[in-house]
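If you count by the numbering used here, then the sequence shown holds residues 158 to 678, one letter each, in order.
We put the beta carbon where it would ideally sit given N, CA and C, even for glycine.
Just so you know, these numbers come straight off a predicted model, no measurement behind them.
Reviewing the structure listed below.
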Amino acid sequence: MTFPVLSIIVFTPIVVGMLLLLFPAERKSEIRVAALAAAAICLGLSLFVYFSYNTAAGGYQFVEKFDWVPDFGISYHMGVDGISLPLVLLTGIVIFTGVLISWGMDDRPREFFAFLFILATGVFGTFVSLDLFQLFFFYEIAVFPMFLLIAIWGWQQTREYAAMKLTLYLFIGSVIALVGALAMYFTIGRQTGVYTFDMLKMSELQQSGALNLNITINSPFTGAVWINQPFEIVWFPFVFLGFAVLAGIWPFHNWSPDGHVAAPTAVSMFHAGVLMKLGAFAALRVGIMLLPEGAKFWMPAFVFLTVVNVVYGAFIAMVQKDFKYVIGFSSVSHMGLVSMGFATLNRVGYIGATLQMFSHGVMTALFFAVVGMVYDRAHTRNIPDLGGFVKKMPWAAVAFIIGGFVSMGMPGFSGFIAELPIFLGLWQAREIAPYYVVIAVLSATAIVVTACYVLRVVQNVFFGEFDEHKYHDGIADVTVLDKTAIVVLCSVLILLGVFPALMYPLVSSGVDSIMRLLGVA
Numbered sequence: 158m159t160f161p162v163l164s165i166i167v168f169t170p171i172v173v174g175m176l177l178l179l180f181p182a183e184r185k186s187e188i189r190v191a192a193l194a195a196a197a198i199c200l201g202l203s204l205f206v207y208f209s210y211n212t213a214a215g216g217y218q219f220v221e222k223f224d225w226v227p228d229f230g231i232s233y234h235m236g237v238d239g240i241s242l243p244l245v246l247l248t249g250i251v252i253f254t255g256v257l258i259s260w261g262m263d264d265r266p267r268e269f270f271a272f273l274f275i276l277a278t279g280v281f282g283t284f285v286s287l288d289l290f291q292l293f294f295f296y297e298i299a300v301f302p303m304f305l306l307i308a309i310w311g312w313q314q315t316r317e318y319a320a321m322k323l324t325l326y327l328f329i330g331s332v333i334a335l336v337g338a339l340a341m342y343f344t345i346g347r348q349t350g351v352y353t354f355d356m357l358k359m360s361e362l363q364q365s366g367a368l369n370l371n372i373t374i375n376s377p378f379t380g381a382v383w384i385n386q387p388f389e390i391v392w393f394p395f396v397f398l399g400f401a402v403l404a405g406i407w408p409f410h411n412w413s414p415d416g417h418v419a420a421p422t423a424v425s426m427f428h429a430g431v432l433m434k435l436g437a438f439a440a441l442r443v444g445i446m447l448l449p450e451g452a453k454f455w456m457p458a459f460v461f462l463t464v465v466n467v468v469y470g471a472f473i474a475m476v477q478k479d480f481k482y483v484i485g486f487s488s489v490s491h492m493g494l495v496s497m498g499f500a501t502l503n504r505v506g507y508i509g510a511t512l513q514m515f516s517h518g519v520m521t522a523l524f525f526a527v528v529g530m531v532y533d534r535a536h537t538r539n540i541p542d543l544g545g546f547v548k549k550m551p552w553a554a555v556a557f558i559i560g561g562f563v564s565m566g567m568p569g570f571s572g573f574i575a576e577l578p579i580f581l582g583l584w585q586a587r588e589i590a591p592y593y594v595v596i597a598v599l600s601a602t603a604i605v606v607t608a609c610y611v612l613r614v615v616q617n618v619f620f621g622e623f624d625e626h627k628y629h630d631g632i633a634d635v636t637v638l639d640k641t642a643i644v645v646l647c648s649v650l651i652l653l654g655v656f657p658a659l660m661y662p663l664v665s666s667g668v669d670s671i672m673r674l675l676g677v678a
């Protein structure tokens, strides 16, 4: 058995989180140090796994497996490939920088970091799960702490509403996805006699024809046939859309901006930077990879939902006056590009979608970190009330500008190497349907709109005249720990943009396995 490095990554946060609850509440410095140490361990081990992965061999590596509940075909099964490994690294980066940004958290930091680490365990566990039951187990662990983190530590004006709205949307989505997952489990079991939640085994049985049957539903009154369609075509929308709710797919997106705005800074970073990727990843891993025929049928239709995400999110972001809402709707727009990449059903589009998940995760964590820095000092997020902050907070200004370059897809930054393959994939997808070219053109307009709202924020928040009278007590510059978080996040965005080979071959190896399932050369 290999060294259980993935298990250590997954369970370190929750173990430390439980231990933090044993600390006396008044020992806040020790609590913060312990939290930072745990986050550093997770980041360090994530980097170790990332750079130890054998890209040439590809496939699932660092595999850990043993029977959990064998009577039901449930196993403890973990592993990473070229799709999940960048997201494991992303989670390590965001949890580490999130702890740095939250160093000044003075309201029950013990409980705050404990819940944040429980959330991290759920996210890590979902990304490395190769058992469907286990994936759902960790997925739900990731959703529940969000309610508490927002409801207790969130923005007082909307935190209870936003926390409940977010939780209801995500639980309803996961229930819908669970129905589809159980349909796969029982159908494969009846067809083959093998009842298993092992996703590798389920994929193998799917390829051997275990799901090649029609679902027929008759009217209870007349006996007329209502539905007579192949299994995968019937159940794919349940699985894909159920998970895609967490990815903010239109029209199930409106929980997301409210959740972003109400959450404390580190939770906003985790929410937009990582949690939304959880939904996209699960939609890919469970929906597309286990039901590839359903994906080929439905994704050319779902691409219309994604273009609404991209264009609508960008235009709504442009007219927002709340600094945090700008970034919230920007996330809706950029996550639409991820789903759009999935809809291309080709190799280059999927490479772009995976790179976009990582790039956007780091970028939006940087954005929300900067928003938090400004709000903590100005005590307002109203853009017209801000201005001239580059004089007081130059590090924050430079960080936001770098994030803006990434958001606009400027060459030399990670956004370019992520978004370009998606648009190339859309162009190639015209072989599926000619309207993919129109989708590409419409989505390209969002790049112009993105430039507009990024430049508007830069002009109105960081440049212009600083109101000395309004902020007569002065605005302090960001702390050393804030600067450390900025350096980490900006370095990743620049390094990936300048040296895409740091991630491109890894992602490519993971996408190749998806293309084989989809029957694409």
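Can you grab the Cα-Cα spacing for the pair residue i / residue j, in whole Å?
{"i": "residue 327", "j": "residue 577", "result": "30 Å"}
{"i": "residue 510", "j": "residue 498", "result": "5 Å"}
{"i": "residue 534", "j": "residue 627", "result": "12 Å"}
{"i": "residue 180", "j": "residue 264", "result": "15 Å"}
{"i": "residue 558", "j": "residue 647", "result": "10 Å"}
{"i": "residue 552", "j": "residue 251", "result": "19 Å"}
{"i": "residue 235", "j": "residue 400", "result": "20 Å"}
{"i": "residue 354", "j": "residue 239", "result": "22 Å"}
{"i": "residue 363", "j": "residue 677", "result": "17 Å"}
{"i": "residue 165", "j": "residue 244", "result": "16 Å"}
{"i": "residue 522", "j": "residue 346", "result": "42 Å"}
{"i": "residue 623", "j": "residue 474", "result": "24 Å"}
{"i": "residue 257", "j": "residue 621", "result": "29 Å"}
{"i": "residue 186", "j": "residue 410", "result": "38 Å"}
{"i": "residue 540", "j": "residue 527", "result": "14 Å"}
{"i": "residue 479", "j": "residue 538", "result": "5 Å"}
{"i": "residue 254", "j": "residue 639", "result": "8 Å"}
{"i": "residue 673", "j": "residue 359", "result": "15 Å"}
{"i": "residue 249", "j": "residue 391", "result": "37 Å"}
Does the distance from the CB of residue i to the CB of residue j come in under 9 Å?
{"i": "residue 341", "j": "residue 271", "result": "no"}
{"i": "residue 484", "j": "residue 395", "result": "no"}
{"i": "residue 286", "j": "residue 274", "result": "no"}
{"i": "residue 454", "j": "residue 393", "result": "yes"}
{"i": "residue 598", "j": "residue 587", "result": "no"}
{"i": "residue 653", "j": "residue 574", "result": "yes"}
{"i": "residue 451", "j": "residue 389", "result": "yes"}
{"i": "residue 246", "j": "residue 178", "result": "no"}
{"i": "residue 426", "j": "residue 525", "result": "yes"}
{"i": "residue 423", "j": "residue 262", "result": "yes"}
{"i": "residue 323", "j": "residue 412", "result": "yes"}
{"i": "residue 507", "j": "residue 615", "result": "no"}
{"i": "residue 520", "j": "residue 564", "result": "yes"}
{"i": "residue 387", "j": "residue 403", "result": "no"}
Just to confirm the assignment, what range does the alpha helix (DSSP H) spanning residue i have?
{"i": "residue 552", "result": "551-564"}
{"i": "residue 205", "result": "185-209"}
{"i": "residue 363", "result": "356-364"}
{"i": "residue 471", "result": "449-475"}
{"i": "residue 321", "result": "316-349"}
{"i": "residue 433", "result": "433-439"}
{"i": "residue 669", "result": "661-675"}
{"i": "residue 481", "result": "480-500"}
{"i": "residue 642", "result": "637-655"}
{"i": "residue 286", "result": "Unbroken run through residue 286: none, as it is neither H nor E."}
{"i": "residue 613", "result": "592-614"}
{"i": "residue 313", "result": "Counting along the chain, residue 313 falls outside any alpha helix (DSSP H), and DSSP gives it neither H nor E."}
{"i": "residue 576", "result": "571-585"}
{"i": "residue 176", "result": "162-177"}
{"i": "residue 250", "result": "241-258"}
{"i": "residue 391", "result": "388-401"}
{"i": "residue 423", "result": "422-427"}
Kindly give me the distance between the Cβ atoms of residue i and residue j, rounded to whole angstroms, as I take these residues to be in contact under 8 Å.
{"i": "residue 582", "j": "residue 501", "result": "4 Å"}
{"i": "residue 489", "j": "residue 561", "result": "With 8 Å as the limit, residue 489 and residue 561 do not qualify as a contact, their Cβ atoms being about 17 Å apart."}
{"i": "residue 296", "j": "residue 439", "result": "6 Å"}
{"i": "residue 191", "j": "residue 172", "result": "With a Cβ gap of about 11 Å, residue 191 and residue 172 do not count as contacting."}
{"i": "residue 318", "j": "residue 414", "result": "Not a contact, Cβ separation roughly 13 Å."}
{"i": "residue 435", "j": "residue 283", "result": "6 Å"}
According to DSSP, is residue i part of a helix, a strand, or is it coil?
{"i": "residue 235", "result": "strand"}
{"i": "residue 415", "result": "helix"}
{"i": "residue 533", "result": "helix"}
{"i": "residue 503", "result": "coil"}
{"i": "residue 568", "result": "coil"}
The beta strand (DSSP E) that contains residue i, what's its start and end?
{"i": "residue 221", "result": "218-226"}
Let me see if you follow: with CB-CB separation under 9 Å, is residue i close to chain D or not?
{"i": "residue 277", "result": "Of the protein chains in this structure there is only one, and it is not chain D."}
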